[in-house]
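Engineer: Going down the list, the protein sequences come from chains A and B. Mind the numbering: the first sequence is residues 1073 to 1400 in our numbering, read in order. Mind the numbering: the second sequence is residues 1073 to 1400 in our numbering, read in order. Even glycine gets a Cβ: it sits at the ideal position worked out from N, Cα and C. Keep in mind that this is a model prediction, so the values were computed, not measured.
2 protein chains.
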Amino acid sequence: MARAWHLMSRPNGMPTMNNFALKELAQPTLGEGMVRVKNSFLSVDPYMRGRMNDVKSYVPPFQIDAPMEGGAVGEVVESHDLGFAIGDKVVHMLGWRDESVVPAAALNKLPELGVPPQDFLGNLGLTGGTAYFGLFDAAQAKEGDTLFVSAAAGAVGSAVVQIAKARGMTVIGSAGGAEKCAFVKSLGADAVIDYKSGNLVKQLGEAAPKGIDVYFDNVGGEHLDAAFAHARKDARFAICGMIDSYNGGEPAQFRFIMRVIGMRIRVQGFIFTDYLAQMADFYRDMGGWIASGQVKSRDTIVEGLEKTPEAFLGLFTGANTGKMLVRL
Amino acid sequence: MARAWHLMSRPNGMPTMNNFALKELAQPTLGEGMVRVKNSFLSVDPYMRGRMNDVKSYVPPFQIDAPMEGGAVGEVVESHDLGFAIGDKVVHMLGWRDESVVPAAALNKLPELGVPPQDFLGNLGLTGGTAYFGLFDAAQAKEGDTLFVSAAAGAVGSAVVQIAKARGMTVIGSAGGAEKCAFVKSLGADAVIDYKSGNLVKQLGEAAPKGIDVYFDNVGGEHLDAAFAHARKDARFAICGMIDSYNGGEPAQFRFIMRVIGMRIRVQGFIFTDYLAQMADFYRDMGGWIASGQVKSRDTIVEGLEKTPEAFLGLFTGANTGKMLVRL
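Written as structure tokens, this is what we have:
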């Protein structure tokens, strides 16, 4: 019998284990066009926190006492669709469960790029794609730019660091603690800021004495304010996430936001799914960087479906380096 | 003997009369290429507050015990340049004084557009140009958009309201108090919000139940946060000024800034002087709207050079409706 994590109540602030319950999931006989997938890896991502609130957003909220959703890779075990055969490796969005029944239209075969399947949840999936389109479309980043990226040890941030280095930028990353900072440095970052070790505005000023051209924001709050403080003329900010604010708390304060005017800063919010029509570009470039070793994957793997909420909660306490995954 | 207002000390927070002194100004014999102008109108503008701080910005800071500068129109009374003759009506940036000695290269003859000369400090000058380029370049505003503009009774704001109506937008303006709101309504705004009369987020939600496509920011702070709260997908914000923050006080807090991501909001800071090469477009369009009566000028005029700092200080207490000018 398949099981799926259900959202049982909406978190107020930081979610806890009490918001979730693992329940048996009735597995229907497959209708026409439906495919059954045995999942091997599940993705947990910070954006899922937003779907736990009952507010209109870019993705609809999770429903109470219904299965959660999210990225997953696995293998087809039963197919009522001519496009999929048993044994096909696939990626889909009905995760948080061990077995998924997915309409063929919502299922994608993994391109043959010679990488482990779980990479399609990371550098070749949502997080790598977010880094790629955020950098090159939202922020219009280009060779020679000085780039600052927050949460640089995270899944999106570590992809940003490596892609930006592959494209000839100077990269400053922030992370929390010596171990993560060492990891960011190992990815090729020119400078690393430990945001737990002192004032961000001061540290960024020392790391980028001539200022920054691009800021890739995963964090919001003080990181964003430090980027305002050190933006050069015509700087571009890609706003990918604001994990500092996902669980409530004090509203962000900005002491340097007025520099938007003098420096003609452009701030652009974006969402990966707007770029699905351009995935071929992404697979070509990212596949190339992975093949050449310029982009490497680093996963933090939690074992077992039972641990899925724990893996998710770890995203907000810095438990992951690189991509957080659940292996089934 | 000519006189000029000097900055005697840098204000800490809100400026006071004590920061300024009116002093006699030695009037040199004119060198080659120099022109003497008897000024008839002086401009005071919020951006001048920034130049009173000793910080690197898009214009250099005013120097202590040196004459202030700013927009001025007047008439040539002596010329050592072949390009200018006595009696020419001109506009230049050496204001805050009754008589200016200006290099010909920094002097512009007023185009023949059949308007009073002081309009070249307002709707045909810095404030109208700021409205025009902010709307059409920074915010990419277009027919059919729903636009929100703060400080809509001010010089820039009142131009934004009228230009946006001339281009077929739905316009919501904010202003402080019943009298200014009535003025904004008289300019053609579809809805007016009195920011002194209640919660901005709530009021903007009522005025724009379907949200806003464009926000033209003159104020920052709560106004900007309300715009984040009600932005539609792909909204564009032109950040022109943040008068709420010019004189210090608490840093701005943003409760709704995270909507930048979900709504893919673009925030663009801009400065009028970046567009000087496109002034011909501006004179053509703005001249046309003025000739057709679609854009009207409303000035708040203070009489006499002695009153210049008072006029300037009035910008921060809402003393002006439309453009604040000093008549000499």
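(1) Can you list, in chain order, the residues of its chain with a C-beta nearer than 7 angstroms to that of A1203(A)? Leave out the 5 residues immediately preceding and following it.
(2) Any heavy atom of the ligand ZN closer than 8 angstroms to the Cβ of A1383(B)?
(3) Indicate the three-state DSSP secondary structure (helix, strand or coil) for E1322(A) in the structure shown.
(4) Candidates E1382(B), A1310(B) and A1391(B): which alpha carbon is nearest A1213(B)'s?
(5) Taking just the CA atoms, how far does G1283(B) sit from Q1275(B)?
(6) How many Å lie between D1306(A) and G1146(A) at the Cα?
(7) By DSSP, does M1106(B) sit in helix, in strand, or in coil?
(8) Between the C-alpha atoms of V1149(A) and F1192(A), what's the straight-line distance to the nearest angstrom?
(9) Which complete alpha helix (DSSP H) runs does the region 1189-1247 of chain A hold, if anything under 4 residues is left out?
(10) Looking only at DSSP bridge pairs, what is P1175(A) linked to?
(11) What does G1292(B) reach in chain A if we use C-beta pairs closer than 8 angstroms?
(12) Return the residues of the region 1333-1347 of chain A that lie within a Cβ-Cβ distance of less than 9 angstroms from chain B, sorted by chain order.
(13) Between E1278(A) and chain B, is the shortest Cβ-Cβ distance under 9 angstroms, so that the two count as touching?
(14) Please determine, among M1335(A), G1194(A) and L1219(A), the residue with the shortest C-alpha to C-alpha distance to T1242(A).
(15) How about D1266(A) and A1250(A): do their beta carbons lie closer than 9 angstroms?
(16) Leaving out the 5 sequence neighbours to the left and right, which residues in its chain are closer than 7 angstroms to N1195(B) when beta-carbon positions are compared?
(17) Which residues, taken in chain order from the region 1299-1330 of chain B, show a beta carbon closer than 9 angstroms to some beta carbon of chain A?
(18) Determine contact between the region 1172-1184 of chain B and the region 1319-1339 of chain B, defined as no fewer than three beta-carbon pairs at a distance below 8 angstroms.
(19) How big is the Cα-Cα spacing for D1126(B) and P1118(B)?
(20) Can you name the start and end residues of the alpha helix (DSSP H) that Q1340(B) belongs to?
(21) Which residues bound the beta strand (DSSP E) around K1128(B)?
(22) Buried or exposed: G1428(B), going by 16 or more other Cβ atoms within 10 Å of its Cβ?
(23) Could you give the DSSP three-state label for Y1287(A): helix, strand or coil?
(24) Thinking C-beta only, is G1334(A) closer than 9 angstroms to I1343(B)?
(25) Pick helix, strand or coil for P1132(B), following the three-state DSSP scheme.
(26) Contact criterion: CB-CB distance below 9 angstroms. Does G1122(A) meet it with respect to chain B?
(27) Cα-Cα, which of A1224(A), Y1287(A), D1285(A) and V1291(A) is closest to S1258(A)?
(28) Spell out the partners DSSP gives W1077(A) in its beta bridges.
(29) Given that a residue counts as buried once 16 or more other Cβ atoms are within 10 Å of its Cβ, and exposed if not, what is L1154(B)?
(30) Per the contact definition of three or more C-beta pairs closer than 8 angstroms, is the region 1377-1393 of chain B in contact with the region 1085-1102 of chain B?
(31) Just mark P1071(A) as buried or exposed, buried being the case when its beta carbon has 16 or more other beta carbons within 10 Å.
(32) For Q1135(B), which residues in the same chain have their Cβ closer than 8 angstroms to its Cβ, ignoring the five residues on either side in sequence?
(33) Quick check on this structure: which residue in P1188(A), A1144(A) and L1097(A) has the alpha carbon closest to the alpha carbon of T1380(A)?
(34) Put R1327(A) into one of helix, strand or coil per three-state DSSP.
(35) Among all the DSSP beta bridges, which residues are the ones paired with I1373(B)?
Structural biologist: So, to answer that:
(1) Cβ within range, chain order: V1228, A1231, V1232 and I1235.
(2) The ligand ZN is absent from the structure shown, which contains no ligands of any kind.
(3) Looking at E1322(A) - three-state DSSP - the assignment turns out to be coil, as it is neither helix nor strand.
(4) Put simply, of E1382(B), A1310(B) and A1391(B) the residue whose alpha carbon is nearest the alpha carbon of A1213(B) is A1310(B).
(5) Distance between the alpha carbons of Q1275(B) and G1283(B) is about 12 angstroms.
(6) So the two alpha carbons sit approximately 44 angstroms from each other.
(7) In the structure shown, M1106(B) sits in a strand (DSSP, three-state: E or B).
(8) The C-alpha of F1192(A) is placed about 19 angstroms away from the C-alpha of V1149(A).
(9) As summarised for the region 1189-1247 of chain A, the continuous alpha helix (DSSP H) elements at least 4 residues long and confined to that stretch are 1198-1205 and 1227-1238, given in chain order.
(10) Per DSSP, M1106(A).
(11) Taking the beta carbon of G1292(B) as reference, the chain A residues within 8 angstroms of it are I1329 and M1330, listed in sequence order.
(12) Identification of residues in the region 1333-1347 of chain A having a C-beta nearer than 9 angstroms to some C-beta of chain B yields I1333, G1334, M1335, R1336, I1337, R1338, V1339, Q1340, G1341, F1342, I1343 and D1346, given in sequence order.
(13) Contacts with chain B at 9 angstroms (Cβ-Cβ) do not include E1278(A).
(14) By alpha-carbon distance to T1242(A), the top candidate from M1335(A), G1194(A) and L1219(A) is L1219(A).
(15) Yes.
(16) So the list reads A1231, M1358, I1362, V1367 and S1369, once near-sequence residues are dropped.
(17) Listed by position along the chain: K1305, F1309, I1311, C1312, G1313, M1314, S1317, Y1318, E1322, P1323, A1324, Q1325, F1326, R1327, F1328, I1329 and M1330.
(18) Cβ pair count under 8 angstroms is below three, so no.
(19) The C-alpha of D1126(B) lies about 16 angstroms from the C-alpha of P1118(B).
(20) It is not in any alpha helix (DSSP H) - Q1340(B) instead sits in the beta strand (DSSP E) that spans R1338 to G1341.
(21) K1128(B) -> no beta strand (DSSP E), and no H or E assigned at all.
(22) Since the first and last residues shown for chain B are 1073 and 1400, residue 1428(B) lies out of range.
(23) Three-state result, Y1287(A): strand.
(24) A contact, by the Cβ cut-off of 9 angstroms.
(25) In the structure shown, P1132(B) adopts coil according to DSSP, grouped into three states.
(26) Interface residue (Cβ-Cβ distance to chain B less than 9 angstroms): G1122(A) is classified as such.
(27) Ranking A1224(A), Y1287(A), D1285(A) and V1291(A) by Cα distance to S1258(A) puts A1224(A) first.
(28) Under the DSSP definition of a beta bridge, W1077(A) partners with L1094(A).
(29) Residue burial annotation: L1154(B) is exposed, with fewer than 16 other C-beta atoms found within 10 angstroms of its C-beta.
(30) Counting Cβ pairs under 8 angstroms, three or more are found: they touch.
(31) Nothing about residue 1071(A) can be read from this structure; chain A reaches only from 1073 to 1400.
(32) Annotation for Q1135(B): L1079 place their beta carbon closer than 8 angstroms to its own, counting only its chain and skipping 5 residues before and after.
(33) Among P1188(A), A1144(A) and L1097(A), the Cα nearest to that of T1380(A) belongs to A1144(A).
(34) Coil at R1327(A), not helix or strand.
(35) As computed with DSSP, I1373(B) is found in a beta bridge with L1397(B).
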